[in-house]
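First the structure, in the form of structure tokens, and then the observations on it.
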Amino acid sequence: MNPSLFSPEGLAGLIFLILIAVTMFGAVVATCSKRLIRSVTGLAICFVGVAGLYYFLNSPFVAMMQLLIYVGAVCVTLAFAIMLAEPNEAKVARKITGLSGGLAALCGGAMAYALGYAAVHGEWMAAATKINDGSVKTIGVNLLTQYSMVFELVSIVLLVAIIGSLVLARQGRDEE
Amino acid sequence: MLMLSSQLNTYLVIGAILFGFGVFGLVRRPSLIGMLIAAELVLCGASINFMAFSHFLAPDPTTGQIITLFIMAIAAAEAAIAMSIVIAVYRNYKSIETEDLVELNG
């Protein structure tokens, strides 16, 4: 059952373990670092690991989109926000008592434990027979047939987001 | 240990841990951008769950991938909106720390 480390399956398993480690390391850096620019870097590392996990789930297209959208766009946007607003978390962190960090850890840990417990001990339905192979071609066909309404709605949401963020960021500029 | 990648539970537990990290960050972070970063982690954990179920259990493996693509689009829109809100708040308050934004505190 257990493949040797140097067979192709063993190497794939090793790469999977490394990806999990990268994801968890990125999540720890993203939530626990003192300076915000470091936590954006941690978020990017975490997303690279998650893109690798998507690759293991037989969907290279979503992995590529994860790299393009999350690492390429969202993290850069966050980095710009940090550069423009220059938050000073160290100043606030001193005012917060030691209890709140423990309570936050308790909150997050309890939620993660509950979800993980439900995932491991839950009875999932038996795997259904696949009706297609989940390739990029079938994703494209489904996006334009079964999910075309949602596809159009998401484009409207993105358009509204662009216009709304322009309006919000522009307000107050004329007075100066 | 080396066969973890072919089990559904592995992905579900990873998603749960990422969700927990996100909640932890949301509660702990004292600034708006830190909370936004944690919210992205929560969305990421949800996406992993969708992808895992669609790969292992669902009859149509494209469903989860398409939903994950929609989650990505929503997350990108959210990041853009939140960034402009952060900038507008910073312009008015000269600060984006949650302690200073208490005008609606009642």
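So the protein sequences, as listed, match chains A and B.
Okay, so the first sequence: first residue is 6 according to our numbering, each after it adds one.
Okay, so the second sequence: first residue is 8 according to our numbering, each after it adds one.
Just so you know, even glycine gets a beta-carbon here, dropped at the ideal spot from N, CA and C.
Along the segment 19 to 39 of chain A, the positions whose C-beta sits under 8 angstroms from a C-beta of chain B are Leu19, Phe21, Leu22, Ile25, Thr28, Met29, Ala32, Val33, Ala35, Thr36, read in chain order. Assigned with DSSP and collapsed to three states, glutamate 85 of chain B falls in helix. For valine 109 of chain B, the closest Cβ of chain A is not nearer than 8 angstroms. A Cβ of chain B is located within less than 8 angstroms of the beta carbon of alanine 86 of chain A. No Cβ-Cβ contact shorter than 8 angstroms links glycine 18 of chain A with leucine 39 of chain B. Interface annotation for the segment 31 to 46 of chain B against chain A: Phe31, Gly32, Leu33, Val34, Arg35, Arg36, Pro37, Ser38, Leu39, Ile40, Gly41, Leu43, Ile44, Ala45, criterion Cβ-Cβ distance under 9 angstroms. The DSSP-derived three-state label of glutamate 110 of chain B is coil. Counting along the chain, leucine 83 of chain A sits inside the alpha helix (DSSP H) bounded by residues 80 to 90. If you check the CB distance, methionine 130 of chain A and leucine 33 of chain B do not come in under 8 angstroms. Look at the beta carbons and you see the segment 164 to 175 of chain A not touching the segment 20 to 30 of chain B: under three pairs across the two are nearer than 8 angstroms. A distance below 8 angstroms separates the beta carbons of valine 34 of chain A and serine 44 of chain A.
Across the structure, glycine 52 of chain B and valine 146 of chain A are spaced so that their CA atoms are roughly 27 angstroms apart. Contact between the segment 26 to 33 of chain A and the segment 47 to 61 of chain A is present, with at least three C-beta pairs closer than 8 angstroms. In the three-state scheme derived from DSSP, where H, G and I count as helix and E and B as strand, serine 102 of chain B is classed as coil.
Around the CB of valine 109 of chain B, fewer than 16 other CB atoms lie within 10 Å, so the residue is classed as exposed.
Residues of the segment 136 to 147 of chain A with a Cβ closer than 8 angstroms to any Cβ of chain B, in chain order: Ile136, Asn137, Asp138, Gly139, Thr143, Ile144, Asn147.
Under the three-state reduction of DSSP output, serine 44 of chain A falls in the helix class.
The alpha-carbon of asparagine 16 of chain B is positioned some 23 angstroms away from that of phenylalanine 66 of chain A. By the 16-neighbour rule on beta-carbons within 10 angstroms, tyrosine 118 of chain A is exposed. Following the DSSP letters along the chain, one finds valine 76 of chain A in no alpha helix (DSSP H), marked with neither H nor E. As computed with DSSP, serine 38 of chain B is found in a beta bridge with B/Glu104.
For phenylalanine 156 of chain A, the closest of B/Tyr97, B/Tyr100, B/Ala80, B/Ile92 by C-alpha to C-alpha distance is B/Ala80.
In the DSSP assignment, serine 153 of chain A falls within the alpha helix (DSSP H) that extends over 153 to 175. With respect to the C-alpha of alanine 56 of chain A, the residue from A/Ser160, A/Val76, A/Arg40, A/Val159 having the closest C-alpha is A/Val76. With a threshold of 8 angstroms between beta carbons, asparagine 16 of chain B makes contact with chain A.
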